C-alpha cells in the first residue's frame, strides 16, 4: 500500500475545525499568502508553480504554471475564476474541499490572483452548491475582517477582492469558456477557441480559470517548495490527487492518494472491495465522460496517472472512479450516461445536440431489448458522426462510453452483428 | 414600476456591487434567483423587471430562464424534492428509491402533491455520488441537501416540509 507522507488537500480529516480561521492560521495558514504579497514578484510565484509540475485537476491535466504564464499583460484588468461547477457524474471532491478546508482553497485562489496581477477573483459554483456558496461568503467576510483581503494588503499597494457567483444547473458550465459566458449573464455555451481565456476571458479581459482542487495545492507549494511537491506522485504527474470513488464499492468516498496509485489499491484497499460477493466488471476512471475499461487483472494493476490510464483505453480526467460490478448490463449503463449528455448538451453544435438525442433513443431501445442488430450499428454510426465535430468536449465525452461499451462488452449487445462496422469517414 | 427593485433594494445593490459597473448583465442570474424567492418560479412581469435592472431585453432573460435547470417559469410545488438518478446514484439504488418514494406519496415523478407543497423530480448528478440515495430540496429561499437517505427518512423530511 502506498505510504502517504502528509495529507495535502484533505487535511481537515486530520485537523478538526480546519474550516475555522483561527485553526487554519494556527496551522500556518495564510503565511504563504503573506509571503507572496510581501516578498515575491508575480513571476517568481509562476516559476515556483511551474517547477512543481502541478497539472490542472479539473480533467484536462494542463500544466498550471504554464497556463498562468500565458496571461496577456497588454490588456487590463485581469481576472481569476475558480471553477467550482463540479457536475461530472461521479465527482464530488471540490465540494468536500470547499466545505471542510475552505481557507486553503481561498488562499490558493488569492495566490493565483497575485501571480497574474488580478485585483478581483470569482468563484463560479454550480447552483446546487447554494449552501457552499453562502458558507464561502462567510469565510471571505472573515478574511476581509482579518485584513487578509481588501485594499493595501500587508502594507503593500496590492489589493484583492473575492466574490462567489452561483450558476443554475448546467453541466456545460464546467467547460471554461461556457462558464465565462454564464458569468457574463448569457447562455452557458462554449466559445470558439482560440482566443483562449488568458488572452480573452471574462468580460473580454485576460482571465485564468482553474479548478478548486488545483488551486488548493498552491499554498503548500509556496510554503514547502516545488521539490517537496515533487516527492509525491510520478515524474510526469507529480503531487497527490483526490480520487472520488463511487458505484458498486463497499466504501465510496474521496481518497487522497499520490498520482500513480493503482486501481486495485483504490478499489480494494481503500474502497473495501465489491459488495455482495460480486466481481468488478468495468471501471470508468473519469466519471460518465469516461471510456469503459474492462476490469482485467492488468487493468486493476494500472497506475492512475495521466500517462498510464490511456494505455488501458481511457483517460484519468478528474479521477472520478465509478466501479461497475458484474450484475450491471452495459447497455443499461450506456442509456444512463447518454441520457445525461442529451439533457446537458447546450444545443450550440448540431452533431452533439441531435446526436445525443438519437443516441438516447437508440440506447433506450437496446437496453429494453427491443433493438435489432441494425440499431447497434446505427448507434455506433451516430456516435462516430459526433466525433471531432463539436466546439467543446461534451459531444466527445458523450460517445466515450458508447463506443468503448459496444466494443469491449459485446456480450451485452446480443443483437450486434459479429463483423465490425466500416469506419465512418470523419472528413 | 419595478416591483423587484422596490421589494429588494439592498439585495439588488449588493448583487450589482459584485460586478464591474459597466457589466450589469452579469447580475442576471442572481437576480432571477431573487425573483424566484417568493414563489419558487419567475413570472413574465418579473422577467421584465430583471431585464430593466440588467439593461437587457426580456427575451434574453427568458432564454436564461429556459436554459438553466434551476429556474422555472411555471408554478410547481412550494418545495421541489429533486432526486439524483444518474449512473453512480443508480448503482446504489436511487431509481428504486425514487419510485418507492413517489408510490408512498401517491404521485408520479414530476407531479405535485395535492396540497401543492411537494413536487418530486428526477434530476442530473448533484455531486453526492458517495452518499446515494440522495436528493436536494429547492424552494424560493434556497437549496439544501439530504444524503444517505432511505424511503422512510425521506418521507420524514417531506412531512416536515409539508408542515412548514
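Residue numbers (my numbering), protein chains in the order written: chain X, 1002 to 1428; chain A, 363 to 526.
Backbone N, C-alpha and C fix where the C-beta goes; we use that ideal spot for every residue, glycine too.
Predicted, not measured: the structure shown is a model, and the values here were computed from it.
Quick one: using the 10 Å Cβ neighbour count with 16 as the cut-off for buried, is residue i buried or exposed?
i, result
"residue 1193(X)", "exposed"
"residue 363(A)", "exposed"
"residue 1311(X)", "exposed"
"residue 1075(X)", "exposed"
"residue 431(A)", "buried"
"residue 476(A)", "exposed"
"residue 1341(X)", "buried"
"residue 1108(X)", "buried"
"residue 518(A)", "exposed"
"residue 1157(X)", "exposed"
"residue 526(A)", "exposed"
"residue 1300(X)", "buried"
"residue 1027(X)", "exposed"
"residue 1147(X)", "exposed"
"residue 375(A)", "exposed"
"residue 1374(X)", "exposed"
Within a Cβ cutoff of 6 Å, which residues of the same chain sit near residue i, ignoring the five residues on either side of it in sequence?
i, result
"residue 1320(X)", "1242, 1244"
"residue 1081(X)", "1113, 1114, 1119, 1122, 1209"
"residue 406(A)", "none"
"residue 1288(X)", "1089, 1090, 1091, 1092, 1321"
"residue 1101(X)", "1013, 1020"
"residue 1104(X)", "1025, 1030"
"residue 1263(X)", "1302, 1304"
"residue 1176(X)", "1191, 1393"
Using the C-alpha atoms, what's the distance from residue j back to residue i?
i, j, result
"residue 1047(X)", "residue 1060(X)", "21 Å"
"residue 380(A)", "residue 1051(X)", "31 Å"
"residue 315(A)", "residue 1206(X)", "Because residue 315(A) is not part of the residues shown, which for chain A are 363 to 526, the question remains open."
"residue 1216(X)", "residue 371(A)", "35 Å"
"residue 1032(X)", "residue 1007(X)", "18 Å"
"residue 1371(X)", "residue 1359(X)", "15 Å"
"residue 1045(X)", "residue 1259(X)", "26 Å"
"residue 480(A)", "residue 440(A)", "6 Å"
"residue 1070(X)", "residue 1324(X)", "38 Å"
"residue 1171(X)", "residue 1189(X)", "8 Å"
"residue 1073(X)", "residue 1219(X)", "21 Å"
"residue 367(A)", "residue 388(A)", "17 Å"
"residue 456(A)", "residue 377(A)", "37 Å"
"residue 418(A)", "residue 1038(X)", "39 Å"
"residue 1106(X)", "residue 495(A)", "28 Å"
"residue 1212(X)", "residue 365(A)", "38 Å"
"residue 498(A)", "residue 1228(X)", "43 Å"
"residue 1295(X)", "residue 1413(X)", "13 Å"
"residue 1235(X)", "residue 1144(X)", "35 Å"
"residue 1063(X)", "residue 1040(X)", "28 Å"
"residue 1306(X)", "residue 1318(X)", "9 Å"
"residue 1043(X)", "residue 1117(X)", "7 Å"
"residue 487(A)", "residue 1285(X)", "16 Å"
"residue 461(A)", "residue 443(A)", "13 Å"
"residue 1369(X)", "residue 1330(X)", "11 Å"
"residue 414(A)", "residue 1083(X)", "29 Å"
With a threshold of 8 Å on Cβ separation, who are the neighbours of residue i within its own chain once the five nearest residues in sequence on each side are excluded?
i, result
"residue 1376(X)", "1363, 1366, 1367, 1416"
"residue 949(X)", "A query on residue 949(X) cannot be resolved here, the shown segment of chain X reaching from 1002 to 1428 and no further."
"residue 384(A)", "none"
"residue 1161(X)", "1111, 1114, 1115, 1119, 1120, 1121, 1122, 1150, 1151, 1154"
"residue 478(A)", "439, 440"
"residue 1230(X)", "1053, 1054, 1055, 1218, 1221, 1222, 1239, 1240"
"residue 1178(X)", "1191, 1192, 1194, 1198, 1393"
"residue 1183(X)", "1125, 1168, 1171, 1174, 1189"
From the DSSP output, read off the bridge partner residues of residue i.
i, result
"residue 1326(X)", "1281(X)"
"residue 1194(X)", "Its beta-bridge partners do not exist; DSSP assigns none."
"residue 1209(X)", "1081(X)"
"residue 501(A)", "504(A)"
Excluding the five sequence neighbours on either side, which residues of its own chain have a C-beta within less than 7 Å of the C-beta of residue i, listed in chain order?
i, result
"residue 1354(X)", "1346, 1348"
"residue 1214(X)", "1010, 1058, 1094, 1095, 1098, 1243"
"residue 409(A)", "420, 423, 424, 427"
"residue 403(A)", "434, 435, 436, 437, 438"
"residue 400(A)", "502"
"residue 1167(X)", "1126, 1128, 1131, 1134"
"residue 1384(X)", "1360, 1400, 1403, 1404"
"residue 1421(X)", "In this predicted model, residue 1421(X) has a pLDDT of only 49, less than 50, meaning its place in the structure is not dependable enough to derive any value."
At 9 Å on the CB atoms, spell out the chain C contacts of residue i, in chain order.
i, result
"residue 1253(X)", "Looking for chain C here will not work: the only protein chains present are X and A."
Is there at least one non-hydrogen atom of the ligand FMN closer than 8 Å to the beta-carbon of residue i?
i, result
"residue 520(A)", "This structure simply doesn't include the ligand FMN, nor any ligand for that matter."
Notebook entry, point to check: Within the chosen definition, does the region 451-467 of chain A reach the region 1191-1207 of chain X through at least 3 CB pairs nearer than 8 Å?
Noted result: no
Check: Are the region 442-458 of chain A and the region 1330-1338 of chain X in contact at 8 Å, needing three or more beta carbon pairs?
Finding: yes
Next item on the list: Count the CB pairs spanning the region 1398-1411 of chain X and the region 1277-1293 of chain X that are closer than 8 Å, and state whether there are at least three.
Entry: The answer is yes - the region 1277-1293 of chain X touches the region 1398-1411 of chain X, with three or more Cβ pairs under 8 Å.
Next item on the list: Answer yes if the region 1266-1277 of chain X comes into contact with the region 1244-1253 of chain X, meaning at least three C-beta pairs across the two stretches below 8 Å, and no otherwise.
Entry: yes
Item checked: Given 8 Å, three or more beta-carbon pairs between the region 509-525 of chain A and the region 1134-1141 of chain X -> Because the criterion of three Cβ pairs below 8 Å is not met, the region 509-525 of chain A and the region 1134-1141 of chain X do not touch.
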